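To start, the structure under review is shown below, and the notes come after it.
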Amino acid sequence: MINKYSNIKLSRDAKEHMYIQLFYAIKEMIEKEILKSNEKLPPIRKLADLLDVNNVTVVKAYDLLEKNKYVYKRVGSGTFVLPQQNFDREIENFEKFEDEIYEDLRLMDRGQIQISDDMINFASATPTPQLFPIDDFKNVLNEVLDRDKGFAFGYQDSKGFYPLRESIVEYLKFYKITTSTDNIQIISGAQQGIDVVAKVLLNYGDTIIVESPTYTGAIASFKTRGTKIVEVPIKKDGIDLEKLELYIKEYKPKAIYTMPNFQNPTGYSHSLIKKKKLLEIAKKNNLIIIEDDYLSDLNFYTDDNFTLKSMDNDENVIYIKSFSKIFMPGLRLGFLVVPLRFKNEIIAAKHTSDISTSSLIQRAFDLYLRKGIWKKHIKYMKKVYKERFDVMIEKLEELPNEISYEKPKGGINFWIDLPNKISVNEFYRDAIKEKIVFVPGSIFYPSKTNSNSLRLSIASVYPEEIKRGMDIFNNLLKKYLDIDKKKYYFENREFYRPIL
Ligand SMILES: Cc1ncc(COP(=O)(O)O)c(C=O)c1O
Numbered sequence: 422m423i424n425k426y427s428n429i430k431l432s433r434d435a436k437e438h439m440y441i442q443l444f445y446a447i448k449e450m451i452e453k454e455i456l457k458s459n460e461k462l463p464p465i466r467k468l469a470d471l472l473d474v475n476n477v478t479v480v481k482a483y484d485l486l487e488k489n490k491y492v493y494k495r496v497g498s499g500t501f502v503l504p505q506q507n508f509d510r511e512i513e514n515f516e517k518f519e520d521e522i523y524e525d526l527r528l529m530d531r532g533q534i535q536i537s538d539d540m541i542n543f544a545s546a547t548p549t550p551q552l553f554p555i556d557d558f559k560n561v562l563n564e565v566l567d568r569d570k571g572f573a574f575g576y577q578d579s580k581g582f583y584p585l586r587e588s589i590v591e592y593l594k595f596y597k598i599t600t601s602t603d604n605i606q607i608i609s610g611a612q613q614g615i616d617v618v619a620k621v622l623l624n625y626g627d628t629i630i631v632e633s634p635t636y637t638g639a640i641a642s643f644k645t646r647g648t649k650i651v652e653v654p655i656k657k658d659g660i661d662l663e664k665l666e667l668y669i670k671e672y673k674p675k676a677i678y679t680m681p682n683f684q685n686p687t688g689y690s691h692s693l694i695k696k697k698k699l700l701e702i703a704k705k706n707n708l709i710i711i712e713d714d715y716l717s718d719l720n721f722y723t724d725d726n727f728t729l730k731s732m733d734n735d736e737n738v739i740y741i742k743s744f745s746k747i748f749m750p751g752l753r754l755g756f757l758v759v760p761l762r763f764k765n766e767i768i769a770a771k772h773t774s775d776i777s778t779s780s781l782i783q784r785a786f787d788l789y790l791r792k793g794i795w796k797k798h799i800k801y802m803k804k805v806y807k808e809r810f811d812v813m814i815e816k817l818e819e820l821p822n823e824i825s826y827e828k829p830k831g832g833i834n835f836w837i838d839l840p841n842k843i844s845v846n847e848f849y850r851d852a853i854k855e856k857i858v859f860v861p862g863s864i865f866y867p868s869k870t871n872s873n874s875l876r877l878s879i880a881s882v883y884p885e886e887i888k889r890g891m892d893i894f895n896n897l898l899k900k901y902l903d904i905d906k907k908k909y910y911f912e913n914r915e916f917y918r919p920i921l
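Numbers given in my numbering equal positions in the sequence shown, counted from 1, plus 421.
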């Protein structure tokens, strides 16, 4: 029945790797029951010939299908469609439901979320605007306008306003990072930093290692480079070093992208030992570390929030600093600390991206740093976030026993594992109805692997909302656990109410 597969269209120019496209195509055929339970999939070479792709593409697609429980393999006989739990698919509105969720996930994957005012937002990791230091910033902006007049609106040097680079060197001393103005590259936010670094380091077909799960914006950037993304699981004390060493041997990656402190989405941090070991591994294997420091400042219950850059004696770390979570995301301002051997290429990539970061904002932020106002603000942000963090921990302590999570020591994200019998997507859909929203875990995996986890963030919610929202979350979860999922599903769908 190889004919069934002849409609599959794979594109070499698409953003997704071909094996991912093939995975989705076969997944859809299984879900639409074009392929029946226990039906045998074509032999690898036959399908590869039909689709005019390499055997490896088919092997990888079959592996991914197996990992996601769409197929099973029988040694010596081939790959077969795994009978699916079909009660969902019997429901006439299922496709509509899938579409709704899919649209939400697609939006989240692109960093957006659709939300109404009456919802409690555990999904956004963006600070509430009431926290922004508006008065202080107004003062420095006025001072810059009086001082620099029209110069504040000219193009700025692509590397960044020199005085700002000077004040960043001073600022970094508080974080035990010793560097010079020559190493500093100003960027329009950490996302641009990731993109610029990816452009410089990664060519089509190169491999990068990421933590699994990881930040969606980084996944998107690496995918646009046509890079192979290899995932290494992150554990509660940091990246799995054994797997990392294994994958380095196997895939010969050029770089590793990591968030060593309060990782997004898990909130986990690498232990000091792991941080040091990671630096050693990078040195031994000629691997560049891209360190994304979006949040190390929020260390509530640990003194180990050291950055890799502060211990990087061998100049293998490209450090990316975001000011979005601790100052204001709308500034679109951040910086890189770059080993000198990359600095010219980085300037060129930055120039191609947006010529330069806003001259006005750079000048204002320079004064903000120079005058030391930032210290007061970070202290304030830590206080506000810690209050939210503590309330969230208190509420998480009330989670039913079947639910597991690792208590982070700081940051704004919490990673919750649900038992396998609960579908995160269904739970998500019901939570939305109860006016709370979070992020389903699958979007944080480059391969979009089915995940039974979800991320709760405290950046956009006030303590009272956390309490209220987590009561709703916990009650809904208990319902899911208490009654058989299928029964719950049918009893709670309006379109299944009897008409008599
Ligand atoms: C881990 C991580 N890196 C980078 C960014 C992007 O930050 P910026 O607003 O500085 O571009 C985010 C935003 O949420 C993030 O979570």
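Quick reminder that beta carbons are idealized off the backbone N, C-alpha and C, glycines included.
Fair warning: this is a prediction, and the values are worked out from it, not measured in the lab.
If we ignore side chains and look at the alpha-carbon of each, how far apart do residue i and residue j end up?
i    : j    : result
N841 : K490 : 12 Å
K461 : Y483 : 12 Å
K664 : V653 : 6 Å
N923 : I794 : Here the chain covers residues 422 to 921 and nothing more, so residue 923 does not appear.
R495 : N871 : 22 Å
A785 : F572 : 13 Å
L485 : I640 : 18 Å
D838 : K828 : 12 Å
E487 : E823 : 26 Å
I451 : K425 : 12 Å
P634 : R568 : 47 Å
V590 : K430 : 52 Å
R876 : N834 : 7 Å
T687 : K804 : 21 Å
P554 : D718 : 17 Å
R762 : I598 : 18 Å
Y583 : T602 : 8 Å
Y901 : I843 : 7 Å
I447 : D470 : 16 Å
K830 : I710 : 23 Å
E513 : R586 : Unreliable positioning characterises E513 in this predicted model, as indicated by a pLDDT of 38, which lies under 50. The coordinate reading is nonetheless provided below. C-alpha separation (whole angstroms): 60 Å.
V480 : P464 : 10 Å
V845 : Y576 : 47 Å
F407 : N428 : With the chain covering 422 to 921 only, the question about residue 407 has no answer from this structure.
V631 : L566 : 43 Å
K800 : I879 : 17 Å
E886 : I893 : 10 Å
R433 : K649 : 14 Å
M422 : K467 : 11 Å
E922 : P884 : Since the first and last residues shown for the chain are 422 and 921, residue 922 lies out of range.
E671 : G638 : 26 Å
In the DSSP assignment, what residue or residues form a beta bridge with residue i?
i    : result
R876 : W836, V860
P654 : S633
V758 : I605, Y740
D714 : K742
T649 : Just to set this straight, residue 649 is Lys in the shown sequence, not Thr. Paired residue(s): T628.
Y826 : I837
Y678 : V631, I711
Tell me whether residue i sits in a helix, a strand or coil according to DSSP, three-state version.
i    : result
Y426 : helix
E513 : A caution first: E513 carries a pLDDT of 38, below 50, which makes its placement in the model too unreliable to give a value.
V492 : strand
I598 : coil
E460 : coil
E666 : helix
F848 : helix
G499 : strand
K696 : helix
N706 : helix
N560 : helix
N542 : strand
G659 : strand
T549 : coil
I747 : coil
K771 : helix
N765 : helix
I814 : helix
A573 : helix
For ligand 2, I want to know if residue i counts as a neighbour, meaning its beta carbon is within less than 6 Å of at least one of the ligand's heavy atoms.
i    : result
N685 : Among the ligands present in this structure, namely ligand 1, ligand 2 is not found.
Worksheet item: Between the segment 547 to 559 and the segment 761 to 780, are three or more C-beta pairs nearer than 8 Å?
Response: With a cut-off of 8 Å, the segment 761 to 780 and the segment 547 to 559 do not count as touching, because too few Cβ pairs lie within range.
Discussion item. So, does the segment 673 to 681 touch the segment 702 to 719, judging by three or more C-beta pairs under 8 Å?
Written reply: Result yes; three or more Cβ-Cβ pairs closer than 8 Å.
Worksheet item: Taking contact to mean at least 3 C-beta pairs separated by less than 8 Å, is the segment 605 to 614 in contact with the segment 774 to 782?
Response: In short, these stretches touch, since the Cβ pair count reaches three.
Practice prompt. At 4 residues or longer, and completely inside the segment 780 to 810: list those alpha helix (DSSP H) runs for me, N to C.
Written response: Here the runs fully enclosed are 780 to 791.
Worksheet item: Is there contact between the segment 613 to 626 and the segment 841 to 852, where contact requires at least three CB pairs shorter than 8 Å?
Response: Because the criterion of three Cβ pairs below 8 Å is not met, the segment 613 to 626 and the segment 841 to 852 do not touch.
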